[in-house]
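Residue numbering for the sequence shown is 40 to 223, as defined by the numbering used here.
Cβ atoms here follow ideal geometry from the backbone N, Cα and C, with glycine treated the same way.
Heads up, the thing below is written out as structure tokens.
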Amino acid sequence: IVVNQRTAFAVQFAATDDYGLAAIQLRIRRMDSGAEEAFDIPLPGIHPRAAEASRLFDLTPHPWAGLAVALILDAEDGIGPTGRSEEIRMRLPEREFNNPVARAIVEQRRNLATDPGRRNSVREALDAIADLNAEEIGDFGVYLSLRSSISRLAYDPSDAAIPDVVDQLWITALALEDGALGVT
Numbered sequence: 040i041v042v043n044q045r046t047a048f049a050v051q052f053a054a055t056d057d058y059g060l061a062a063i064q065l066r067i068r069r070m071d072s073g074a075e076e077a078f079d080i081p082l083p084g085i086h087p088r089a090a091e092a093s094r095l096f097d098l099t100p101h102p103w104a105g106l107a108v109a110l111i112l113d114a115e116d117g118i119g120p121t122g123r124s125e126e127i128r129m130r131l132p133e134r135e136f137n138n139p140v141a142r143a144i145v146e147q148r149r150n151l152a153t154d155p156g157r158r159n160s161v162r163e164a165l166d167a168i169a170d171l172n173a174e175e176i177g178d179f180g181v182y183l184s185l186r187s188s189i190s191r192l193a194y195d196p197s198d199a200a201i202p203d204v205v206d207q208l209w210i211t212a213l214a215l216e217d218g219a220l221g222v223t
């Protein structure tokens, strides 16, 4: 695994199987909680007997960016058994924010993503950030986006609200850091 200048990382792999490869996945496991996510890696063709490639992953927008993780490659063959690579431990690369308000929002985003039970303390922290930095935020749309996240945490107690707020906080931080050009 190689980290490049844009804080993405490359996964290089080689896999073979007599019956053909059915799937390859990169699994990312948080070291602090054991939570996992998997990302499919495309294969060259249908059930190739061998595959060797490099895949670039930019997970800087991922809520786990900056956390200690273990990376594991799983390769499944055509009849079911799975081969597994050795685990590689690393800190998931993260984007650096220069705008202090954006940096504070991203910190609260990570707090919410890693422990949804902290939603009230995150809401209070975001409220303080919004109140203390309203003039520095400057852009009314960005300010409303931050207030929308705060309201959603206050008035939508469902677990389904958390991923949406985490995504909205990322967009808000990007807008603060990069302006309208940073939001895609």
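Taking C-alpha positions only, valine 108 is separated from asparagine 172 by approximately 33 angstroms. Only residues of its own chain outside the window of five on either side were considered, and among them Ala143 have a CB closer than 6 angstroms to the CB of isoleucine 168, listed in chain order. For the pair glutamate 125 and isoleucine 63, the Cα-to-Cα distance works out to about 14 angstroms. By the Cβ-count criterion, proline 102 is buried, with 16 or more other Cβ atoms from all chains shown falling within 10 Å of its own Cβ. In terms of CA proximity to valine 181, Val140 leads the group Ser197, Val140 and Glu146.
CA-to-CA, the gap between arginine 148 and serine 184 works out to about 14 angstroms. Shown here, glutamate 76 sits in a strand according to DSSP, grouped into three states.
A contact between stretches requires three or more CB pairs, one per stretch, nearer than 8 angstroms, and the stretch 210 to 219 fails this requirement with the stretch 153 to 162. Under the DSSP assignment, aspartate 113 falls outside any alpha helix (DSSP H), being part of the beta strand (DSSP E) whose first and last residues are 107 to 116. Across the set Val204, Glu216, Val50 and Thr46, the C-alpha of Val50 shows the shortest separation from the C-alpha of leucine 95.
In the three-state DSSP reduction, serine 93 falls in the strand class (E or B). Alanine 77 is classed as exposed because its beta carbon has fewer than 16 other beta carbons within 10 Å across all chains shown. Apart from the 5 residues on each side of it in sequence, glutamate 91 sits with its Cβ closer than 6 angstroms to the Cβ of Ala53 in its chain, given in chain order.
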